[in-house]
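In the numbering used here, the protein residues as written are 200 to 635.
Listed below in structure tokens is the structure:
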């Protein structure tokens, strides 16, 4: 069986690795590098360190991502820094989870939260216990915005402003007022509600995002006979005698037994438009932006007390200390920052950082990277297109099509693996006649 995978992001990579050795794999990637929306770019900072197209922070709960890294020999123990989770900002708020078994890490973490009254801590502990008793389930018909969900739970104090809302924005890339409570509850279940050792740990890349997984995966795949076609944009798909013909903009035409589309949701409609009509849900099209600001402060002048800090200025954001050099600030979801020029945005965020480090008087060299369509907008009751389609032999992969999960690296990896397994199952179980 030969399989074409369209899209070399983390979902496409996961699908290719899962199929390697079980099928002949051809991976098509339109860009110059693998990794999709989590890769290094051609720009470097003033110290020569590679810059990524965004900041992606992993958690110890990313079981499939860590397993995939081990499979291809990209040892997470050397490529990731593992730290106990801590949320801290310039207001004086801090919540740190100690290295204790679950649920004692949560209990002592919440009880020790700074700038939070004991009444609120106890109320939050009761709420978390009730969520766990319900297995963090929010029925589909009861899905609402995270804002409405927190209101109904009486979560309106310090922890809401400094923990729940920032976590929602970081995990779903969608502000609490329009983010799905059902998806956020699933995030809490797999992180704070996860009893696996180290599930809540913060994992920060020691290397560029490309060197974290995409480049080791490319070498691993090529060593196992996979074909990787870079800068090869697919322009058309056509079912042909029970198989799939793939045509690229560079003139390639080749036929495959199975096909996995591992592209962003807004790239799916043009590829599916020419196929025989079928009742298939449209992928989510509303998108949320992300901007990453890199600041090249002099070494040791802006050493953070913890490598992840929440900024509490007008625009919010997360300040990340990367071992490659510069500090990075990530802003997620639509907001007033979109209207600012790069210089105005850099100045505003530099002033927010100065709350931590008053000696940082001058704005240093900086670079701004804007992704206008970084992820889908994770809204309540958002329809997702399934991985299996009405067209025999065609499967969808991506961080957008796992029900009740946000757009994360772990979602992309799981989706890619699931689609690859569906390909293998379809080989053993022939599909029905395609729709006409």
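Just so you know, even glycine gets a beta-carbon here, dropped at the ideal spot from N, CA and C. Note that the coordinates shown come from a computational prediction; the quantities given were computed from them, not determined experimentally.
DSSP three-state assignment for residue 528, whether helix, strand or coil: strand
Where residue 376 falls: helix, strand or coil (DSSP): Coil at residue 376, not helix or strand.
Sequence ranges, alpha helix (DSSP H) only - wholly within the region 460 to 536, length at least 4: 467 to 471
Residue 358 to residue 552 span [Cα, whole Å]: Near 22 Å, if we compare the C-alpha coordinates of residue 552 and residue 358.
Neighbourhood of residue 486 by C-beta, 8 Å cutoff - its chain only, sequence neighbours within 5 removed: Around residue 486: 465, 571, 572, 573, 574, 575, 576.
Pairwise C-alpha distance: residue 297 and residue 595: 40 Å
Separation of residue 534 from residue 219, as counted between CA atoms: 42 Å
Euclidean distance between Cα positions of residue 360 and residue 354: 9 Å
Alpha-carbon spacing of residue 634 relative to residue 444, whole angstroms: Confidence in residue 634 is poor, its pLDDT being 42 and thus under 50, which makes the residue's placement unreliable; the coordinate value appears in the next sentence. Between residue 634 and residue 444, the C-alpha separation is close to 17 Å.
Sub-8 Å separation of residue 539 and residue 516 beta-carbons: no
CA-to-CA distance, residue 490 to residue 181, given in whole angstroms: Missing from the structure shown is residue 181; the chain here goes from 200 to 635 and no further.
Nearest-angstrom beta carbon gap, residue 612 and residue 348 [assumed within contact, 8 Å]: Not quite, the Cβ-Cβ distance comes to about 27 Å (not below 8 Å), so this is no contact.
Residue 337 (DSSP reduced to helix, strand or coil): Taken through DSSP and simplified to helix, strand or coil, residue 337 comes out as coil.
Host beta strand (DSSP E) of residue 429 (start-end): 426 to 429
Cross-strand partners of residue 271 (DSSP beta bridge): Answer is none; residue 271 lacks a bridge partner.
Alpha carbon of residue 493 to alpha carbon of residue 214, nearest angstrom: 32 Å
Unbroken alpha helix (DSSP H) run spanning residue 552, endpoints: For residue 552, the enclosing alpha helix (DSSP H) stretches over residues 541 to 552.
Cβ pair residue 510, residue 289 closer than 8 Å: yes
Identified DSSP bridge partners for residue 305: Note: residue 305 sits in no beta bridge, so no partner.
Three-state secondary structure (DSSP) of residue 245: coil
Identity of the residues DSSP links to residue 565 by a beta bridge: 494
Own chain partners of residue 480 with C-beta closer than 8 Å, once the 5 adjacent residues on each side are dropped: 582, 583, 584, 585
Simplified DSSP assignment, three categories, for residue 443: Residue state, collapsed to three classes: strand.
Any chain D beta carbon closer than 8 Å to residue 214: The structure shown has no chain D; it contains just one protein chain.
For residue 453, the first and last residue of its enclosing beta strand (DSSP E): Counted as a single uninterrupted DSSP element, the beta strand (DSSP E) harbouring residue 453 occupies residues 452 to 455.
Same chain, Cβ closer than 7 Å to residue 632, neighbours up to 5 away in sequence not counted: Here residue 632 scores only 44 on pLDDT, less than 50, and its place in the model is too uncertain to base an answer on.
The region 331 to 345 / the region 372 to 392 touching (three or more Cβ pairs under 8 Å): yes
Which listed residue (369, 469, 239) has its alpha carbon closest to that of residue 606: 369
Those residues which DSSP pairs with residue 251 across a bridge: Note: residue 251 sits in a beta bridge opposite 239.
Residue 244 vs residue 410 beta-carbon contact at 8 Å: no
Check whether residue 378 and residue 371 have beta carbons under 8 Å apart: yes
N-terminal and C-terminal residue of the beta strand (DSSP E) that residue 449 is part of: Per DSSP, residue 449 belongs to no beta strand (DSSP E) and is neither H nor E.
Rounded C-alpha distance that separates residue 621 from residue 587: Rounded to the nearest angstrom, the two C-alpha atoms are 8 Å apart.
Residue(s) in a DSSP beta bridge with residue 575: 486
Reference residue 291, options 416, 315, 277, closest by Cα: 315
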